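Q: Each residue of the sequence shown is one higher than the last, beginning at 13 in the working numbering.
The C-beta atom is built at its ideal place from N, Cα and C for all residues, glycine as well.
Fair warning: this is a prediction, and the values are worked out from it, not measured in the lab.
Structure incoming, see below.
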Amino acid sequence: MQMPPPDPEVIGKKSRLVDRLKSVLPDDAVIHDIAETRAYECDALTAYRCPPLCAVLPSTTQEVSDVLKICAEENVPVVPRGSGTSLAGGALPTADCVILGVARLNKVLEADYDNRVIRVQTGRTNLSVTGAVEEQGFFYAPDPSSQLACAIAGNIAMNSGGAHCLKYGVTTNNLMGVRMVLMDGTIVDIGGPHLDAPGLDLLGVICGSEGQLGVVTEATLRILHKPEGARPVLMGFDNSEVAGACVADIIKAGVLPVAIEFMDRPCIRATDSFSGAGYPDCEALLIVEVEGSPAEIEEQLNVIVDIARSHDPVELRQSQSDAESERIWLGRKSAFGAMGQINDYMCLDGTIPVSALPHVLKRIGEMSAQYGLDVGNVFHAGDGNMHPLILFDANKPGDLERCEAFGADILRLCVEVGGCLTGEHGVGIEKRDLMYEQYSADDLEAQLRVKDVFDPRWLLNPAKVFPLDATATRRGQGSSEAAA
13 MQMPPPDPEV
23 IGKKSRLVDR
33 LKSVLPDDAV
43 IHDIAETRAY
53 ECDALTAYRC
63 PPLCAVLPST
73 TQEVSDVLKI
83 CAEENVPVVP
93 RGSGTSLAGG
103 ALPTADCVIL
113 GVARLNKVLE
123 ADYDNRVIRV
133 QTGRTNLSVT
143 GAVEEQGFFY
153 APDPSSQLAC
163 AIAGNIAMNS
173 GGAHCLKYGV
183 TTNNLMGVRM
193 VLMDGTIVDI
203 GGPHLDAPGL
213 DLLGVICGSE
223 GQLGVVTEAT
233 LRILHKPEGA
243 RPVLMGFDNS
253 EVAGACVADI
263 IKAGVLPVAI
273 EFMDRPCIRA
283 TDSFSGAGYP
293 DCEALLIVEV
303 EGSPAEIEEQ
313 LNVIVDIARS
323 HDPVELRQSQ
333 SDAESERIWL
343 GRKSAFGAMG
353 QINDYMCLDG
363 TIPVSALPHV
373 LKRIGEMSAQ
383 YGLDVGNVFH
393 AGDGNMHPLI
403 LFDANKPGDL
413 ERCEAFGADI
423 LRLCVEVGGC
433 LTGEHGVGIE
443 KRDLMYEQYS
453 ADDLEAQLRV
463 KDVFDPRWLL
473 NPAKVFPLDA
483 TATRRGQGSS
493 EAAA
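Below you can see the structure in the form of structure tokens.
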């Protein structure tokens with residue numbers, strides 16, 4: 013079939029925009045060739061794709077400001093992008109947008125060990141923040157599974173957590189200040205290197221705002237002294253409900269492990285085959301890690317092991333060395349990659365009360381049978397942040413739609429038991445139309461008004477977070493050409 017000729021008006025608009033962007037950025041920082049823009053057509057939610065109009069890679073806050081001024085003047089939407097690891101479609105482009113990538117904003121600007129803070133550009137990867145301070149005996153606590161690749165910008169946008177968030181909290185608990193550029197190019201500083209900045213808690217509004225309010229170019233982060241030591245214990249159980257009950261009992265006992273991670277049989281088998289971690293053949297597995305001095309570790313582990321034994325584990329294995337600890341964690345850190353070898357999958361992100369774990373796991377198993385799709389559960393059990401992995405065949409007609417319907421039912425279940433739609437992946441486009449499950453129309457209107465204040469023309473990260481009908485009176489979801 014013959015394709016229609018390109019629209020001269022669109023070509024002219026793009027040419028003018030590219031010329032203006034090149035006037036404030038180096039030529040290699042403006043990507044506009046159609047083939048090259050395909051590198052930005054999706055994030056880790058690969059079921060949805062749309063090449064942007066063009067992409068830019070600024071290196072300084074001032075360059076970000078210049079880009080946003082131009083886009084505002086040209087009435088062009090902007091989609092901020094960290095490393096593209098979003099599992100919720102948070103960095104999905106629209107056909108008429110500019111992708112603003114922060115990959116070149118990757119410098120450490122200041123490390124203040126006396127006050128335990130570090131200031132970095134937000135294109136820096138999560139793990140490299142710890143890499144910059146570990147020789148001085150410090151670390152950065154939030155540790156998403158994608159920490160080798162994900163950028164601090166995306167962590168702030170989605171309020172990311174990780175395996176150790178039970179003890180140390182998620183990004184918002186470790187973020188002290190930001191430098192942010194508004195859509196009109198205004199540069200603002202919020203918070204700083206000291207706790208409890210005066211005035212409104214705008215930092216709490218920015219963290220988790222999914223690129224709706226501004227582009228964060230610098231972040232002041234809390235760094236912590238490395239603990240004296242840490243040790244995990246591995247527990248295997250003959251059903252998921254018992255493992256969930258064990259988690260609830262550990263929390264009720266007043267022990268605060270640094271992490272409690274859960275995997276069910278499908279994940280155990282996949283990860284063990286993939287990593288050779290030597291996991292037991294069981295229905296559910298917990299990895300519980302504690303830290304502190306040798307005496308503190310021993311005391312905490314004694315309590316945890318006693319609780320585990322009361323639930324009749326099929327295996328109970330305490331690490332006795334660093335090598336054994338690494339082996340216990342190896343499978344968990346490999347879980348997403350291991351499941352990807354089996355089939356296509358969609359990774360969900362709902363949060364529930366810890367006490368509801370047994371019920372929710374049982375219902376997910378029942379829904380799995382109902383939809384005829386396998387599901388593997390791997391998640392941060394200590395804070396109830398669930399990550400069910402629904403397996404499907406992207407090449408089989410109807411499978412993706414069935415997978416999405418299954419996922420929506422799981423997220424509705426999370427809300428029903430007193431949880432919420434997302435813990436650390438964000439809403440993006442994945443959960444956009446489920447927001448009414450958690451919020452009333454008035455609740456959403458209050459959130460929309462915050463967006464109105466920061467981005468009155470709705471040019472930032474269009475068609476994300478809010479149900480499209482809720483934003484119909486604004487700019488038309490930021491773009492009429494939303495890929496979703």
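(1) Select from A41, G197, A100 the residue whose C-alpha is nearest the C-alpha of Q74.
(2) Taking the DSSP output, what are the residues bridged to T232?
(3) Helix or strand or just coil, what does DSSP make of H371?
(4) Using the three-state DSSP reduction, which class does V30 fall into: helix, strand or coil?
(5) So, using beta-carbon positions, are A153 and T97 closer together than 8 Å?
(6) Exposed or buried, which one is G223 when buried takes at least 16 other CB atoms within 10 Å?
(7) Taking 8 Å as the cut-off, does the region 330 to 340 touch the region 389 to 404 (at least 3 CB pairs, one atom from each stretch)?
(8) Please report the straight-line C-alpha distance between G396 and L373, rounded to a whole angstrom.
(9) To test your reading of the DSSP string, which unbroken beta strand (DSSP E) runs of 3 or more residues are found completely within the region 303 to 344?
(10) By how many angstroms is the C-alpha of T106 removed from the C-alpha of I43?
(11) DSSP beta-bridge partners for D356?
(12) Roughly how many angstroms lie between the CA atoms of P365 and A257, to the nearest whole one?
(13) Check whether the Cβ atoms of T49 and P64 lie closer than 8 Å to each other.
(14) Closest by CA to I111, which one among R486, L480, D481, L471?
(15) With DSSP as the reference, please indicate the residues paired to P244 in a beta bridge.
(16) Could you check which residue in A165, N186, I262 has the C-alpha nearest to that of V317?
(17) Going straight from the alpha carbon of E308 to that of T183, what length do you get?
(18) Given a threshold of 16 other Cβ atoms within 10 Å of its Cβ, counted over all protein chains shown, does I235 qualify as buried or as exposed?
(19) Return the bridge partner residues of E122 from the DSSP annotation.
(20) Are the beta-carbon atoms belonging to L178 and M247 less than 8 Å from one another?
(21) Measuring CA to CA, which of L215, Q459, F249 is closest to P233?
(22) According to DSSP, simplified to helix, strand and coil, what is I43?
(23) Let's test the definition: count the other Cβ atoms within 10 Å of the Cβ of H206 and tell me whether it reaches 16, buried, or not, exposed.
(24) I'd like the span of the beta strand (DSSP E) that includes V8, first residue to last.
(25) Classify R28 as buried or exposed, calling it buried when 16 or more other Cβ atoms lie within 10 Å of its own Cβ.
(26) Cα-Cα, which of G181, G241, A475, T142 is closest to S337?
(27) Taking C-beta to C-beta, are V68 and A51 nearer than 8 Å?
(28) Does T283 pass the burial test, meaning 16 or more other C-beta atoms within 10 Å, or should it be called exposed?
A: In short, the structure shows the following:
(1) In the sequence shown, residue 74 corresponds to position 62, counting from 1. Answer by Cα proximity: G197.
(2) For this step, residue 232 is matched to residue 220 along the sequence shown. Paired residues: R131, G189.
(3) Position 359 of the sequence shown, counting from 1, holds the residue named residue 371. When secondary structure is reduced to three states using DSSP, H371 falls in the helix class.
(4) As a working note, residue 30 is residue 18 in the sequence shown. Helix at V30.
(5) Indexing the sequence shown from 1 puts residue 153 at position 141. Indexing the sequence shown from 1 puts residue 97 at position 85. No, Cβ-Cβ distance for A153 and T97 is not below 8 Å.
(6) Working through the sequence shown from its first residue, we reach residue 223 at position 211. Its Cβ being crowded by 16 or more others within 10 Å, G223 is buried.
(7) no
(8) As a working mapping, residue 396 is identified with position 384 in the sequence shown. As a working mapping, residue 373 is identified with position 361 in the sequence shown. In a straight line, the C-alpha of G396 is about 11 Å away from that of L373.
(9) 327 to 330
(10) Counted from its first residue, the sequence shown places residue 43 at position 31. Counted from its first residue, the sequence shown places residue 106 at position 94. So the two alpha carbons sit approximately 15 Å from each other.
(11) The residue given as residue 356 occupies position 344 in the sequence shown. Beta-bridge annotation (DSSP): D356 is paired with F404.
(12) Here the question's residue 365 lines up with position 353 in the sequence shown. Here the question's residue 257 lines up with position 245 in the sequence shown. P365 and A257: Cα-Cα distance of roughly 12 Å.
(13) Here residue 49 is taken as the residue at index 37 of the sequence shown, counted from 1. Here residue 64 is taken as the residue at index 52 of the sequence shown, counted from 1. Yes.
(14) Residue numbering aside, residue 111 sits at position 99 when the sequence shown is read from its first letter. When each option's Cα is compared against that of I111, the closest is L471.
(15) Mapped onto the sequence shown, residue 244 falls at position 232. In the DSSP output, where bridge partners are listed per residue, P244 has E301.
(16) Against the sequence shown, residue 317 aligns to sequence position 305. For the residues A165, N186, I262, the minimum Cα distance to V317 belongs to I262.
(17) The sequence position of residue 308 within the sequence shown is 296, counting from 1. The sequence position of residue 183 within the sequence shown is 171, counting from 1. Roughly 26 Å between the two C-alpha positions.
(18) Here residue 235 refers to the residue found at position 223 of the sequence shown. The residue in question, I235, is buried, as its Cβ has 16 or more Cβ neighbours within 10 Å.
(19) Within the sequence shown, residue 122 is the residue found at index 110, counting from 1. DSSP output for E122 lists R131 as bridge partner(s).
(20) Position 166 of the sequence shown, counted from the first residue, corresponds to residue 178. Position 235 of the sequence shown, counted from the first residue, corresponds to residue 247. Not closer than 8 Å, so no.
(21) As a first step, residue 233 is located in the sequence shown; it is residue number 221 there, counting from the start. It should be pointed out that residue 233 corresponds to Leu in this sequence rather than to Pro. For L233, the nearest C-alpha among the options comes from L215.
(22) Within the sequence shown, the letter at position 31 stands for residue 43. Strand.
(23) Along the sequence shown, read from residue 1 onward, the residue named residue 206 stands at position 194. Its Cβ having fewer than 16 others within 10 Å, H206 is exposed.
(24) Outside the shown range of the chain (13 to 496) lies residue 8, about which nothing can therefore be said.
(25) What you label residue 28 is simply residue 16 of the sequence shown in a count that begins at 1. Exposed.
(26) Numbered from its first residue, the sequence shown carries residue 337 at position 325. Ranked by Cα distance from S337, the options G181, G241, A475, T142 are led by G241.
(27) Counting from 1 along the sequence shown, the entry for residue 68 is found at position 56. Counting from 1 along the sequence shown, the entry for residue 51 is found at position 39. Going by C-beta atoms, V68 is not nearer than 8 Å to A51.
(28) The residue given as residue 283 occupies position 271 in the sequence shown. Counting Cβ neighbours within 10 Å, T283 comes out buried, since at least 16 surround it.
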